[in-house]
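Have a look at this one:
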């Protein structure tokens with residue numbers, strides 16, 4: 429039996445121990461861990477994966493790209509794909525800072541309560557902190573499932589830029605930028621988005637409140653609120669990190685740890701998926717599909 | 429079965445291969461090795477250990493802190509402990525440059541011939557090179573076992589500083605600083621300490637003689653002499669690195685390799701201990717206790 | 429059972445994934461991978477291999493020295509050997525950038541068609557790019573098997589320097605330096621070497637043509653042509669990387685991939701050999717012997 433070898437290519441100087449342990453628990457037998465990986469130094473590392481095993485054994489080698497800087501990891505992910513040629517390739521997973529698995533888990537959690545992806549239903553979503561790495565992915569995944577997504581950021585220009593990027597990935601997406609965070613006196617546009625939203629996901633930086641109690645009271649239609657921030661204070665005031673489908677008025681709420689179990693399952697399943705063929709290339713959409721399949725399994 | 433994962437956090441740029449191989453031989457199944465670890469970059473590495481496994485599986489992840497700079501490793505060891513909270517922790521072992529396992533092995537060896545820890549007996553110990561990393565630990569462990577310990581260093585101020593530090597760790601310890609090395613004409617205070625010592629342990633830097641033959645002749649009461657220096661010339665003139673309880677006049681003598689077998693057993697047993705719970709935190713005293721339990725097993 | 433531990437000591441900042449995967453596939457159970465290894469920092473890494481296991485278990489630890497800079501790896505290889513003393517040593521393999529296994533595979537391939545090593549036969553070989561790391565090894569191995577070897581380099585001084593070095597390793601070797609590459613109008617000396625060669629091996633840098641079609645037509649006696657360059661354009665015009673003993677006029681030709689299978693077998697067998705004793709020290713000649721034994725197995 430050919431050992432399952434995972435290259436852990438991390439853009440940080442110290443490669444993530446989190447990603448390594450998840451990989452071990454998902455069945456990777458040998459980890460080849462590299463920190464400080466960039467598009468400029470990644471090619472020989474990829475060649476080592478491509479040229480050491482042949483035929484069916486190629487599916488026993490795979491590559492994980494991670495790191496705390498999502499944009500840097502995306503650049504490595506691109507470079508790795510361009511290094512492959514024809515059938516000489518190995519499976520590949522992008523999950524920097526857990527952004528893809530976390531965003532997928534949030535959308536899976538929302539889908540338990542909302543008819544995402546059903547063309548007969550309509551869903552309006554508001555993504556707070558929507559221009560950040562996790563926020564952009566949540567917005568992208570929701571847009572891909574047919575929701576109308578309002579992307580909120582502290583500045584309108586960043587919200588607009590995020591919408592443009594997401595639209596490139598999801599040409600059919602319905603996206604609206606809006607400025608601000610829902611604390612103190614939310615601006616008019618944001619107040620309208622709050623009032624209209626079926627789903628609110630807060631994706632801010634650790635410890636930043638993006639939706640306070642007064643703003644929460646404006647969200648009269650909201651049926652699901654998800655706060656992906658695990659570090660106090662909460663991103664959504666009143667949501668605890670451990671909340672998992674807790675009822676709150678007419679809504680259910682999730683905290684970061686309440687979504688975390690699903691995130692871990694998706695992360696592990698994605699690593700297992702790598703070793704089932706030599707041509708998987710898993711980004712956010714693929715992890716969402718994996719997460720949805722785990723729900724129905 | 430959850431694989432036993434050991435984070436090897438090393439303060440040196442190149443993590444120790446010695447510590448890695450001992451860990452493998454002690455049953456660690458996956459090593460996550462990191463060099464250049466400091467208090468400033470260790471927190472995310474620890475988070476990866478804390479947040480990837482839950483419940484009983486937390487005891488299958490553990491952390492080893494090492495490196496050739498003992499003070500730097502101690503600072504990392506402190507920082508790791510402060511990163512844990514409540515039950516969200518993993519077991520932890522500090523053994524930089526083998527200082528803890530070596531010091532423990534020396535005290536275990538001495539305890540074969542002296543009634544250490546017996547309140548009815550009294551033991552006077554002289555630790556040469558007592559302000560160095562291993563010397564301080566030997567002195568600390570002996571003080572904790574009730575011996576009256578004279579800590580010798582090349583300068584009195586370093587000996588005094590070492591005694592102060594050890595007294596913080598062992599408030600009941602009886603400690604006396606003394607200046608000098610026991611070569612040529614030992615000073616009066618050191619000559620008195622030599623004459624009074626039941627046990628002499630030389631913990632100097634590689635290749636430095638701390639006790640020469642004339643000074644040795646002053647140690648009339650000594651029943652055990654231990655030289656922890658493995659690189660010629662010997663730290664105690666006349667002791668061979670391979671000596672293991674060799675009779676010499678009325679004393680027995682141990683060299684570095686003669687203590688080395690016990691050191692290795694303690695080191696391996698300590699790594700095994702890590703995986704028996706998620707809350708072990710093993711410093712010198714814990715390794716001594718492990719070493720003593722191995723003697724009676 | 430003591431786990432097979434391989435230290436992968438690599439002179440590059442990022443240790444090779446290629447060498448790591450081959451080692452895993454050859455049965456190494458734990459890899460301790462180090463990048464940026466130099467003669468100045470390698471000693472403690474080697475000590476860790478020497479001093480952790482004793483007796484028969486020493487043969488379960490081994491060292492692989494690699495990296496893209498062959499000269500740098502050779503310096504580390506030397507330093508490792510000088511760190512060992514007496515029986516306190518572990519097995520050691522040098523294969524930087526695959527130079528040793530590749531050169532051995534080329535000579536093994538040539539030996540299928542030419543009576544190398546038979547004192548009654550005579551063989552004239554021409555090594556193009558003969559002053560490079562692979563070229564020097566090919567020339568050295570052929571000289572050791574009794575061939576008369578012409579070493580071609582772009583400048584005569586480099587060809588002469590290579591011949592001097594090879595003569596140190598193979599005092600009985602018959603070596604002749606020659607200037608130039610066999611493209612356009614090859615110089616007189618090179619044209620003569622082409623006309624006389626039974627075997628031509630092209631060992632140039634990736635993408636450099638060393639023997640073009642007109643020059644090829646001068647090689648009337650050549651029975652084997654081997655091009656070790658895998659990146660287009662071919663080192664020998666008309667040879668495909670996948671050629672493996674393909675008939676071409678009166679000769680057979682091999683490309684880099686056609687030799688690659690043999691290279692991989694030699695590489696893996698060499699790693700396996702490391703764990704059969706604690707005193708193997710494998711350089712090019714040893715890998716050639718391994719390769720020849722695999723042919724007859």
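Residue numbers (the working numbering), protein chains in the order written: chain X, 429 to 725; chain C, 429 to 725; chain Y, 429 to 725.
Note that CB positions come from ideal geometry on N, CA and C, so glycine has one too.
- Apart from sequence neighbours up to five positions away, the residues of its chain that approach residue 534(Y) with a beta-carbon distance below 7 angstroms are 566, 629, 654, 656, 687, ordered along the chain.
- Looking from the CA of residue 485(C), the closest CA among 722(C), 711(C), 560(C), 707(C) belongs to 707(C).
- By the criterion of a C-beta distance shorter than 6 angstroms, residue 496(X) is surrounded in its chain by 440, 525, once the five residues flanking it on both sides are discounted.
- Considered as a whole, the segment 436–470 of chain X harbours 458–462 as its complete beta strand (DSSP E) runs of no fewer than 3 residues, in chain order.
- In chain order, 431, 433 place their CB closer than 6 angstroms to the CB of residue 458(X), counting only its own chain and leaving out the 5 sequence neighbours on each side.
- Neighbours of residue 448(C) in chain X, taken as residues whose beta carbon is under 9 angstroms from its own, are absent, since the nearest beta carbon is some 13 angstroms off.
- For residue 476(X), the closest Cβ of chain Y is nearer than 8 angstroms.
- Remark: fewer than three beta-carbon pairs, one from each stretch, lie closer than 8 angstroms, so the segment 667–682 of chain C and the segment 700–714 of chain C are not flagged as touching.
- Taking CB atoms only, residue 525(C) has no neighbour in chain X less than 8 angstroms away.
- Per DSSP, reduced to three states, the secondary structure at residue 512(C) is coil, with no helix or strand assignment.
- Look at the segment 500–566 of chain Y and you find these whole runs of alpha helix (DSSP H), each 4 residues long or longer: 527–539.
- At a cut-off of 8 angstroms between C-beta atoms, residue 504(Y) does not count as an interface residue with respect to chain C.
- At least one C-beta of chain C is nearer than 8 angstroms to the C-beta of residue 433(Y).
- DSSP lists 629(Y), 682(Y) as the beta-bridge partner residues of residue 654(Y).
- Put simply, of 711(Y), 660(Y), 625(Y), 685(Y) the residue whose alpha carbon is nearest the alpha carbon of residue 679(Y) is 625(Y).
- Inter-residue distance for residue 617(C) and residue 606(C) is about 7 angstroms (C-alpha atoms, whole angstroms).
- A residue is called buried when at least 16 other Cβ atoms come within 10 angstroms of its Cβ; residue 696(X) meets this threshold and is buried.
- Separation of the CB atoms of residue 493(Y) and residue 505(Y) is rounded to 5 angstroms, and the pair is thereby assigned contact status at 8 angstroms.
- Taking 8 angstroms as the cut-off, the beta carbon of residue 710(X) is found closer than this to the beta carbon of residue 698(X).
- Residue 602(Y) is bridged by DSSP to 576(Y).
- Taking 8 angstroms as the CB threshold, residue 489(X) lines the interface with chain Y.
- Cβ proximity to chain C below 7 angstroms picks out 458, 460, 462 from the segment 453–465 of chain Y.
- Neighbours of residue 481(X) in chain Y, taken as residues at a C-beta separation under 8 angstroms, are given in chain order as 449, 453.
- If you look at residue 674(Y), you'll find it in the beta strand (DSSP E) that goes 672–676.
- Following the DSSP letters along the chain, one finds residue 718(X) inside the alpha helix (DSSP H) bounded by residues 712–724.
- When DSSP states are grouped into helix, strand and coil, residue 581(X) belongs to the strand group.
- DSSP lists 438(X) as the bridge partner or partners of residue 494(X).
- Among the residues of chain C, those whose CB is under 7 angstroms from the CB of residue 445(X) are 435, 460, 473, 476, 477, following chain order.
- By alpha-carbon distance to residue 573(Y), the top candidate from 722(Y), 725(Y), 429(Y), 714(Y) is 714(Y).
- Contacts with chain Y at 8 angstroms (Cβ-Cβ) include residue 469(X).
- With a threshold of 8 angstroms between beta carbons, residue 564(X) makes no contact with chain C.
- Residue 509(X) does not reach chain C, its nearest Cβ partner there being about 26 angstroms away, counting only Cβ pairs nearer than 8 angstroms.
- In the same chain as residue 448(Y), and ignoring 5 residues on each side of it, the C-beta atoms closer than 8 angstroms to its own belong to 436, 459, 461, in chain order.
- Under the DSSP definition of a beta bridge, residue 433(Y) partners with 458(Y), 489(Y).
- In the DSSP assignment, residue 639(C) falls outside any alpha helix (DSSP H), carrying neither H nor E.
- At least one beta carbon of chain X lies nearer than 8 angstroms to the beta carbon of residue 442(Y).
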